[in-house]
Ligand code: HEM
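Numbering (the working numbering), first residue to last: 566 to 1050.
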């Protein structure tokens, strides 16, 4: 009792400039249980209690600062060296299997340039994925491949759970995952990647399903499936890079540049593959899940959303059902808004940093050596910004308020120097996939074993850093027929 009063009342009163600690009952263990059962709830509770000022949570004796206000996030972005992302990266890379020598090589500043290989690579991501000719080339391959997949005759594979001549029973996550990961892989790598790594898509999706274990750094016996799927893809990447360069002619500029420059670091084949896996995983982790959630919201909508969307996108298709992408991306505001709203509700993006120098943010002194988490998700539910219905799906929200997408309270792609460079292509591929599915197929949601279908429940426990998975055992199954247009 004395300990509790000292820690959570007396000490904060004596040190008003230090971030206050969110109270907990069991010393040392702290908020461990709440973190695992509902981190989102825990952070929202702290946000409310401390009026949006930085606060601190403790798990297993480790204290971490939590930042929930948009203005504090902007202040942190302005001091990237004092509150830094880089010190977090080596630990991430170690979990992908990299050894210390490889990690040091990746971070070593190049003579003259002052930038490390990793800095250069992240710059190259921007050169490839920010609007311009290089993005146009990549996007062309990507979007054509999505179009190819979304034809009745090409709807085939493990996602089809029951097959009829005019009707198929399809698992939506497997369907959209296969389409998007295949298209993104072919846009970045040569098609020979799939000869070296034939099960890359299903293994990557297994890794993503098990991905909640990744931040926990569990030993192998507790996360066997996750490690095995990661190692399968890493081995495939190693074999791919061993192919002669003339067998990899279809590679994007980014992968060619990455492969050449990484060779200068003298990493062995597996260490090179593990480095590329960390990037391959980041690139593929989110867009397919956004399509899954957008379709879930659309198909479970009790109003006229499906009908309104079909009507809106119809003029984007000509008589031979070819899609006019320019029209789709410029003249379908409801589609864009509904996809954005699904992203807002399901993304658990965070900005993880380490405080490297005592720094004052929002009047609170953040101490050197502490971990810090900017919990963007808690900002996505602010009624002041998103309205009184911020907790629910409102497909017209972003259409009715065009500035919302640029609000500092909306950060699905992070921000500042690590702002997701894939955001331009991601928004397009998601909207296009949803539009093609709604246009080319008639969909009917089906329940398990004849029971009425239920909206899949999202896993809202630990932040994944990206779009959340449905809880284990939750899925979206649809009967798919060619559309009667
Ligand atoms: C809906 C889809 C996507 C979402 C929600 C998403 C979200 C994010 C988030 C939250 C981050 C971390 C930002 C931070 O730490 O502040 C990130 C980083 C990144 N994303 Fe995306 N992303 C998506 C799609 C893509 C795609 C399609 C690509 C590439 C084709 C991509 C490439 C990257 C890269 C390379 C980084 C690391 C950037 C850096 O550390 O500098 N992302 N993404």
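Backbone N, C-alpha and C define an ideal beta-carbon position, used for all residues, glycine too. Given the structure is predicted, the values throughout are model-derived calculations rather than measurements.
Contact test: residue i Cβ vs the ligand HEM heavy atom, cutoff 7 Å
| i | result |
| --- | --- |
| residue 985 | yes |
| residue 848 | yes |
| residue 851 | yes |
| residue 844 | yes |
| residue 687 | yes |
| residue 995 | yes |
| residue 999 | no |
| residue 645 | no |
| residue 749 | yes |
| residue 697 | no |
| residue 657 | no |
| residue 1040 | no |
| residue 826 | no |
| residue 765 | no |
| residue 977 | yes |
| residue 916 | yes |
| residue 1033 | no |
| residue 806 | no |
Residue i to residue j span [Cα, whole Å]
| i | j | result |
| --- | --- | --- |
| residue 993 | residue 900 | 11 Å |
| residue 837 | residue 614 | 46 Å |
| residue 953 | residue 947 | 9 Å |
| residue 605 | residue 1028 | 8 Å |
| residue 717 | residue 1047 | 6 Å |
| residue 740 | residue 766 | 11 Å |
| residue 748 | residue 786 | 33 Å |
| residue 1033 | residue 801 | 26 Å |
| residue 660 | residue 779 | 8 Å |
| residue 909 | residue 975 | 8 Å |
| residue 651 | residue 791 | 25 Å |
| residue 645 | residue 960 | 35 Å |
| residue 658 | residue 846 | 12 Å |
| residue 762 | residue 610 | 45 Å |
| residue 1043 | residue 728 | 12 Å |
| residue 922 | residue 641 | 12 Å |
| residue 820 | residue 1045 | 36 Å |
| residue 931 | residue 979 | 21 Å |
| residue 803 | residue 612 | 45 Å |
| residue 826 | residue 880 | 46 Å |
| residue 1039 | residue 868 | 23 Å |
| residue 1070 | residue 935 | Since the first residue of the chain shown is 566 and the last is 1050, residue 1070 is not available in this structure. |
| residue 884 | residue 865 | 29 Å |
| residue 709 | residue 752 | 10 Å |
| residue 634 | residue 704 | 35 Å |
| residue 939 | residue 1016 | 41 Å |
| residue 850 | residue 575 | 45 Å |
Residue nearest to residue i in terms of C-alpha spacing, selected from the options
| i | options | result |
| --- | --- | --- |
| residue 977 | 1041, 922, 904 and 889 | 904 |
| residue 894 | 909, 996 and 803 | 996 |
| residue 831 | 682, 640, 653 and 584 | 682 |
| residue 624 | 1004, 700 and 586 | 586 |
| residue 663 | 842, 936 and 1017 | 842 |
| residue 707 | 591, 756 and 902 | 756 |
| residue 1049 | 875, 713, 759 and 589 | 875 |
| residue 667 | 833, 845 and 922 | 833 |
| residue 608 | 983, 943 and 1018 | 943 |
| residue 591 | 804, 566 and 764 | 566 |
| residue 968 | 601, 699 and 950 | 950 |
| residue 981 | 835, 846, 966 and 643 | 643 |
| residue 569 | 999, 583 and 595 | 595 |
| residue 956 | 714, 687, 966 and 945 | 945 |
| residue 983 | 927, 572, 629 and 918 | 918 |
| residue 770 | 1025, 782, 797 and 730 | 797 |
| residue 805 | 1003, 958, 750 and 649 | 750 |
| residue 693 | 926, 823, 675 and 795 | 823 |
| residue 807 | 784, 758 and 794 | 758 |
Beta carbon of residue i nearer than 8 Å to that of residue j
| i | j | result |
| --- | --- | --- |
| residue 632 | residue 619 | yes |
| residue 626 | residue 598 | no |
| residue 1008 | residue 888 | no |
| residue 1019 | residue 1030 | no |
| residue 1022 | residue 1036 | yes |
| residue 671 | residue 711 | no |
| residue 999 | residue 848 | no |
| residue 680 | residue 986 | no |
| residue 648 | residue 920 | yes |
**OP:** Go through the segment 692-737 residue by residue and report every complete run of the beta strand (DSSP E) that reaches 3 residues or more, in order.
**Re:** Listed in chain order, they are 725-728 and 733-736.
Original post:
In chain order, which beta strand (DSSP E) runs of at least 3 residues are fully inside the segment 602-668?
Top reply: 620-624 and 627-632
Subject >> Complete runs of the alpha helix (DSSP H) confined to the segment 758-815 [at least 4 residues] >> reply: 758-761, 765-774 and 789-807
**OP:** Output the residue ranges of the beta strand (DSSP E) runs that lie fully inside the segment 956-985 and measure 3 residues or longer, sorted by chain position.
**Re:** Counting whole runs of 3 or more residues, the segment 956-985 contains no beta strand (DSSP E) stretch at all.
**OP:** Could you name each continuous alpha helix (DSSP H) segment of 4 residues or more that falls completely within the segment 877-960, going from the start of the chain to the end?
**Re:** 890-896, 898-911, 941-944 and 948-951
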